[in-house]
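A short write-up of the structure that comes next.
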Amino acid sequence: MPELPEVESARSVIERAALGRRIVEVDDSDTYVCRPHRPGEIRSALTGRLLVAAHRRGKTLWCDTGDNDTGDNGAGDAPVLGLHLGMSGKIVIAGADGSEVDGGDYWEGRRVKGDYRWSRFALTFDDGSRLMLVDPRRLGRIGLDPEIDRLGPDAATVTPAAFRAAVATGTVAVKARLLDQHAIAGIGNLLADEILWRARINPARPVDELTPSEIDRLLRATRRSVAAALAHGGVHTLTVIPFRRPGARCPRDHAPMSRGKVGGRTTWWCSAEQPVPAK
DNA sequence: AACAATGTTCAGTC
DNA sequence: GGACTGAACATTGT
53 MPELPEVESA
63 RSVIERAALG
73 RRIVEVDDSD
83 TYVCRPHRPG
93 EIRSALTGRL
103 LVAAHRRGKT
113 LWCDTGDNDT
123 GDNGAGDAPV
133 LGLHLGMSGK
143 IVIAGADGSE
153 VDGGDYWEGR
163 RVKGDYRWSR
173 FALTFDDGSR
183 LMLVDPRRLG
193 RIGLDPEIDR
203 LGPDAATVTP
213 AAFRAAVATG
223 TVAVKARLLD
233 QHAIAGIGNL
243 LADEILWRAR
253 INPARPVDEL
263 TPSEIDRLLR
273 ATRRSVAAAL
283 AHGGVHTLTV
293 IPFRRPGARC
303 PRDHAPMSRG
313 KVGGRTTWWC
323 SAEQPVPAK
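Take 53 as the starting number for the first sequence in the numbering used here and just add one per residue.
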């Protein structure tokens with residue numbers, strides 16, 4: 053589910069429904085999701101504190117914590133809670149009575165409201181409300197003090213210079229580079245297909261063979277795709293995503309959609325508009 | 001029933 | 001070091 057737009061939705065859920073209350077209980081018992089922390093480590097660090105801010109870079113979320121009594125507002129050595137939604141994670145806030153207060157507007161998908169069977173991590177606040185990571189596949193990750201510096205610039209705000217620098221090194225396939233979170237942060241498998249389709253560039257093209265004008269198209273397509281997904285409710289609302297299926301035809305020119313594997317992920321592209329260049 | 005799935009990391013190879 | 005592959009994680013939907 054989550055790529056940059058969905059993670060931004062999760063960030064906003066935390067911001068509007070979980071800041072400013074005291075943490076009275078922490079369930080960090082899932083040793084896989086909370087790795088490499090030992091059970092109780094995250095609980096010890098967070099119990100008694102407040103979430104004071106929710107941030108995002110790429111697909112990584114983190115919350116600053118503070119303490120009303122000491123006036124510590126998340127500066128200095130205050131513990132920072134890192135959250136990653138993995139492939140199937142979702143941030144959900146439940147009220148004191150267990151009813152779902154906020155699960156975000158994006159990717160409601162198949163999940164039924166109030167279904168917390170797959171809660172893998174939870175904070176309980178002093179008013180009885182809870183913040184949960186609901187994650188059936190358990191590929192999400194929770195930890196203290198995440199290393200956000202290792203991520204590339206956020207795809208929603210990357211500058212043209214930084215984008216060109218990130219794309220134009222090495223020889224990897226352009227889609228693999230778009231998916232590289234250390235190069236540019238936030239683009240996932242679906243967003244990458246949409247961006248390359250909009251830019252009319254074959255996903256397998258080596259980055260060192262892209263012309264300056266192609267890199268410009270790629271940048272414009274990235275900005276527009278990310279902005280559209282943020283504005284319209286997630287990556288599923290993008291144009292070419294519904295046509296990533298057998299037998300589909302390109303919504304622009306009706307040529308057959310092709311399928312392959314690039315960067316280790318299933319990749320769809322327009323057979324006519326995104327040709328593999330003849331060598 | 002087999003297969004793929006919006007992600008990341010690690011081990012192994014060339 | 002860079003690029004590539006496969007495995008691992010656990011469950012669901014087609």
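Built from N, CA and C at the ideal position, the CB exists for glycine as well.
It should be emphasised that the depicted structure is a prediction, and the values quoted were computed from it without experimental measurement.
Straight-line Cα distance separating Arg169 from Asp79: Position 27 of the first sequence holds residue 79. Position 117 of the first sequence holds residue 169. Spanning the two alpha carbons is a distance of roughly 14 Å.
Environment of Lys142 [buried if 16+ CB atoms lie within 10 Å]: Taking the first residue of the first sequence as position 1, residue 142 is located at position 90. It is buried - the Cβ of Lys142 has at least 16 other Cβ atoms within 10 Å.
Cβ neighbours of Leu137 in the same chain (closer than 8 Å, five flanking residues each side left out): As a first step, residue 137 must be located in the first sequence, where it is residue number 85. So the qualifying residues of the chain are Met53, Pro54, Glu58, Val59, Ala62, Lys111, Leu113, Ile143, Leu185, Asp187 and Gly192.
Rounded Cβ spacing between Val292 and Pro303 (contact assumed at less than 8 Å): Here residue 292 is taken as the residue at index 240 of the first sequence, counted from 1. Here residue 303 is taken as the residue at index 251 of the first sequence, counted from 1. Contact flag correct, Cβ pair sits at about 7 Å.
Helix, strand or coil at Leu133 [DSSP, three-state]: For the purposes of this step, residue 133 is taken as the residue at position 81 of the first sequence. Residue state, collapsed to three classes: strand.
Distance between Met139 and Glu160 (C-alpha atoms, nearest Å): Locating residue 160 in the first sequence gives position 108, counting from the first residue. Locating residue 139 in the first sequence gives position 87, counting from the first residue. Unreliable positioning characterises Glu160 in this predicted model, as indicated by a pLDDT of 45, which lies under 50. A coordinate reading is not provided.
Inter-residue spacing [alpha-carbon to alpha-carbon] between Thr209 and Gly118: Position 157 of the first sequence holds residue 209. Position 66 of the first sequence holds residue 118. Approximately 28 Å, taken between the alpha carbons.
Where Arg275 sits in the DSSP three-state scheme: In the first sequence, residue 275 corresponds to position 223, counting from 1. The answer is helix: DSSP assigns Arg275 an H, G or I state.
Asn254 to Pro88 span [Cα, whole Å]: In the first sequence, counting from the first residue as 1, residue 254 sits at position 202. In the first sequence, counting from the first residue as 1, residue 88 sits at position 36. Whole-angstrom Cα-Cα distance: 39 Å.
Check whether Leu262 and Ile247 have beta carbons under 9 Å apart: Within the first sequence, numbered from 1, the residue matching residue 262 stands at position 210. Within the first sequence, numbered from 1, the residue matching residue 247 stands at position 195. Contact flag unset, no.
Enclosing beta strand (DSSP E) for Lys313 [first to last residue]: Within the first sequence, the letter at position 261 stands for residue 313. Here the beta strand (DSSP E) through Lys313 covers Met309 to Val314.
Straight-line Cα distance separating Ala228 from Pro131: Indexing the first sequence from 1 puts residue 131 at position 79. Indexing the first sequence from 1 puts residue 228 at position 176. The straight-line gap from Cα to Cα measures roughly 34 Å.
Asp121 - DSSP class collapsed to helix/strand/coil: Locating residue 121 in the first sequence gives position 69, where the first residue counts as 1. In this structure, Asp121 counts as coil in the three-state DSSP scheme.
Separation of Asp206 from Thr83, as counted between CA atoms: Here residue 83 refers to the residue found at position 31 when the first sequence is read from its first residue. Here residue 206 refers to the residue found at position 154 when the first sequence is read from its first residue. Approximately 29 Å, taken between the alpha carbons.
Closest Cα partner of Arg216 within the set Arg108, Asp116, Arg257 and Leu270: Walking along the first sequence from the start, residue 216 turns up at place 164. Checked all of Arg108, Asp116, Arg257 and Leu270; the closest Cα to Arg216 is Leu270.
Given Ile200 as reference, the closest of Pro298, Val76, Ala237 and Gly150 once Cα atoms are compared: Numbered from 1 along the first sequence, position 148 holds the residue referred to as residue 200. The shortest C-alpha separation from Ile200 is found at Ala237.
Those residues which DSSP pairs with Arg108 across a bridge: Mapped onto the first sequence, residue 108 falls at position 56. Partner(s): Leu113.
Straight-line Cα distance separating Ser181 from Gly312: On the first sequence, residue 312 is found 260 positions in, with the first residue counted as 1. On the first sequence, residue 181 is found 129 positions in, with the first residue counted as 1. If you take the alpha carbons of Gly312 and Ser181, they lie about 45 Å apart.
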